[in-house]
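In the working numbering, each residue carries its 1-based index in the sequence shown increased by 561.
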Amino acid sequence: MFELDNRKDQLMTVFKLCAANLGMWTRDHFFPATYAQSGWERLRPFFDLPGTIVVTEDQTRVTFNGFNDRQLNRDLAAICARVRERQPRLPDGTTLICELA
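Next up, the structure:
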């Protein structure tokens, strides 16, 4: 017999839990109220969006390319406006700025 080494499985479970918590925290703080009960399936398109990230001395600017869907673009614009309004600070001390290209 041999022992199973499940440390990697436990570590991956912790990472999945952290990612889920970060996604739900982002939803609760920045997404419009219509997304209050949304799960990963509805939020995933926002996290999969292509775009650019430019880091300067005091800002981290994220520019999203946007969607082909008008409603999703309106929701994305609302998210970006809420991020601009709250001016969250990232761990490196820079201010997060989101915009729609």
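Cβ coordinates follow ideal geometry from the N, Cα and C atoms, glycine included.
Taking 9 Å as the threshold (C-beta atoms), are glycine 584 and leucine 610 in contact?
Working through the sequence shown from its first residue, we reach residue 610 at position 49. Working through the sequence shown from its first residue, we reach residue 584 at position 23. For leucine 610 and glycine 584, no; Cβs fall outside 9 Å.
Distance between aspartate 570 and glutamate 564 (C-alpha atoms, nearest Å)
Taking the first residue of the sequence shown as position 1, residue 564 is located at position 3. Taking the first residue of the sequence shown as position 1, residue 570 is located at position 9. Their backbone Cα atoms lie some 14 Å apart in a straight line.
Under 7 Å Cβ to Cβ from threonine 624, same chain only, skipping five residues before and after it: list those, please.
In the sequence shown, the residue the question calls residue 624 occupies position 63. These residues qualify, in order along the chain: Gly612, Thr613, Glu660 and Ala662.
Could you round the C-beta distance between leucine 637 and phenylalanine 591 to whole angstroms and report it? I think they count as a contact, below 8 Å.
By one-based count along the sequence shown, residue 637 stands at place 76. By one-based count along the sequence shown, residue 591 stands at place 30. Incorrect: roughly 11 Å between the Cβ atoms, too far for contact.
For a test of the three-state rule: what should DSSP assign to leucine 633, helix, strand or coil?
Reading the sequence shown from its first residue, position 72 is the one you call residue 633. Under the three-state reduction of DSSP output, leucine 633 falls in the helix class.
Inter-residue Cα distance where the pair is isoleucine 504 and asparagine 567:
Missing from the structure shown is residue 504; the chain here goes from 562 to 662 and no further.
Taking Cβ positions, are alanine 597 and arginine 588 nearer each other than 9 Å?
Here the question's residue 597 lines up with position 36 in the sequence shown. Here the question's residue 588 lines up with position 27 in the sequence shown. In this structure, alanine 597 lies near arginine 588, with their beta-carbon atoms less than 9 Å apart.
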